[in-house]
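Scroll down for the structure; my scribbles are underneath it.
2 protein chains.
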Amino acid sequence: MFAARGFVGASLQDIAAAVGIRKPSLLYHFSTKEELRRSVIAQLLAHWSNAVPRILEAASSGEEQFHAVAEETLAFFSADPDRARIILRELLDRPDELSSLIELQVRPWATLMSNYIRKGQEQGRVHADVDPEAWVTAIINLVLSSVAIHSSLGRLAAERPSKRASTSTIPPRLIAEIVRVARSSLFVNQQTPAVDTSGRTE
Amino acid sequence: MFAARGFVGASLQDIAAAVGIRKPSLLYHFSTKEELRRSVIAQLLAHWSNAVPRILEAASSGEEQFHAVAEETLAFFSADPDRARIILRELLDRPDELSSLIELQVRPWATLMSNYIRKGQEQGRVHADVDPEAWVTAIINLVLSSVAIHSSLGRLAAERPSKRASTSTIPPRLIAEIVRVARSSLFVNQQTPAVDTSGRTE
DNA sequence: CCTACCGATCGGTAGG
DNA sequence: CCTACCGATCGGTAGG
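If you read the sequences in order, they're chains A and B.
Numbering of the first sequence is given in the numbering used here, commencing with residue 68 and proceeding in unit increments.
Numbering of the second sequence is given in the numbering used here, commencing with residue 68 and proceeding in unit increments.
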């Protein structure tokens, strides 16, 4: 409900009703609305930023790493677009507080990825004019917003113009292009287009 | 105030105070809060989507067009990041209503751009595997979110870690990388790196 | 453009 | 986990 209506827009009344209890009962589990918020986003950021370093370790080659992180991250957010929406809303609502969380939870693996990119540049596999930190930031932005608002903006790339905005999953066509943009803006020579493009219509 | 706190988060009381009048006086100009919202976003979308076709006409060559649209769009949103924030919030808050507005205001020039891209593909200047509509959607997502949340996420690419999140303008380093990602994911051969990169630090 | 005021809903508490 | 209730604030109106 935070994802759909925002923090102030989602009342404790509504949230409690959705869980099947009354408002005071909800406030027994989370003594304040603010605490409920913290619980939600802490869980979210933790899940996300614990997954990334694990993937980075698992994969070996540069291209393989890119691939694994791209797949895993997009899978994580595609599985539930509300995850991206909540993060995006928090980023908009409380930039200062989120800055701290980003430093703690995101910065470490963002730096890790940046270093891999620099190594790739030395080896000539990655475009020399890539700005590693800025690239990582841009791609996070791209993935987050694409998943979060695909039901409205994403319909620009929809085959059949359905009247209702599908709130469900992001179309494979958009995912494929996001991965392509990320890869082609990074690597000098595109090797195997190993990412799943089965959903592509064109 | 809609940009900073969201529609429900920004009270008519606060808005009126910011303008220097009382709440009922504000409701004289906009008979309802909903009408104030419509007025704000209609003005915003109109400005943006009137500018794009004009630029597309003005520039002639493909590379020149890309360049002009990129510069103009980034300039428009960089001049006031709140513009991007409001649009992003509306996209999150009311996807269905925004879908209609997008069809009317954005679809026309998005199609225009997509056709230019297809022409570029026939001429071999644009990567063959670009999905035109999906690419336009992705880049809009990239620009909107990058400008909107640069004060929090964007600090991943900040040189000196200032404690406060600067709410002002987006750092040139991020802008340069956004333009580079957009261009290198589109064109086969990067010609003149004509976009301003004077602010780049590395 | 103002003062005064409305019912509704908000987050949260008392007390069981 | 509930009923009952609190003060504060919300969008909006009456009337000038």
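Where is the CB? At the ideal position from N, CA and C, for every residue including glycine.
The segment 243-256 of chain A: positions lying closer than 9 Å to chain B by Cβ: A243, E244, I245, R247, V248, A249, R250, S251, S252 and L253
B:V255 versus A:W202 - alpha carbon distance: 19 Å
Listed by chain order, chain A residues near B:G73 by CB distance under 9 Å: G73, F74, V75, G76, R156, L159 and D160
Interface positions of the segment 142-154 of chain B facing chain A (Cβ-Cβ less than 8 Å), listed along the chain: R152
Other residues of its chain near A:P175: CB distance less than 8 Å, five sequence neighbours each side excluded: S116 and P120
Three-pair Cβ contact test at 8 Å for the segment 161-177 of chain B versus the segment 215-228 of chain A: yes
Inter-residue spacing [alpha-carbon to alpha-carbon] between A:L241 and B:P91: 46 Å
Collapsed DSSP secondary structure at A:F254 in the structure displayed: strand
Any chain A beta carbon closer than 9 Å to B:N182: no
N- and C-terminal bounds of the alpha helix (DSSP H) containing B:D160: P148 to D160
Under 9 Å from the C-beta of B:W202: neighbouring residues of chain A: A224, E244, R247 and V248
Opening and closing residue of the alpha helix (DSSP H) in which B:F306 lies: Lying outside 68 to 269, the shown extent of chain B, residue 306 of chain B is not represented and no answer is given.
Proximity test, Cβ basis, 9 Å: A:R89 and chain B: no
CA-to-CA distance, B:Q132 to B:L253, given in whole angstroms: 13 Å
Residues of its chain near A:R152, where Cβ-Cβ distance is below 6 Å and the 5 sequence neighbours each way are ignored: A70 and A215
Members of the segment 190-217 of chain A near chain B, C-beta cut-off 7 Å: H194, D196, D198, E200, A201, W202, V203, T204, A205, I207, N208, L209, L211, S212, S213, A215 and I216
Member of A:R247, A:A205 and A:A83 whose CA lies at the smallest distance from the CA of B:V246: A:A205
Exposed unless 16 or more other CB atoms sit within 10 angstroms - verdict on A:S78: exposed
Where B:G221 meets chain A, residues with beta-carbon distance less than 9 Å: A201, T204 and N208
Residues of its chain near A:Q80, where Cβ-Cβ distance is below 7 Å and the 5 sequence neighbours each way are ignored: K90
Option nearest A:E170 by Cα separation, candidates B:V173, B:L223, B:I88 and B:M68: B:L223
Nearest-angstrom Cα separation, counted from B:E200 out to A:A261: A caution first: A:A261 carries a pLDDT of 44, below 50, which makes its placement in the model too unreliable to give a value.
Within-9 Å CB hit, A:V173 to chain B: yes
Beta-carbon contacts of B:F97 that lie in its chain and below 6 Å, excluding the five residues immediately before and after: L103
Neighbour flag for B:I169 against chain A, beta carbons, 9 Å: yes
Identified DSSP bridge partners for A:V193: A:F254
First through last residue of the alpha helix (DSSP H) which encompasses B:A85: L79 to V86
Alpha-carbon spacing of A:L122 relative to A:V136, whole angstroms: The residue you asked about is not Leu; residue 122 of chain A is Ile in the sequence shown. Each residue's alpha carbon lies about 6 Å from the other.
Coarse secondary structure for B:V173, derived from DSSP in three states: coil
Amino acids of chain A, ordered along the chain, whose beta-carbon sits closer than 8 Å to that of B:A177: L223
Exposure label - B:N182; buried when at least 16 CB within 10 Å: exposed
Alpha-carbon spacing of A:S251 relative to B:L111, whole angstroms: 32 Å
Contact with chain A by B:D81, beta-carbon distance below 9 Å: no
Rounded separation between B:L141 and A:T236 - CA only: 29 Å
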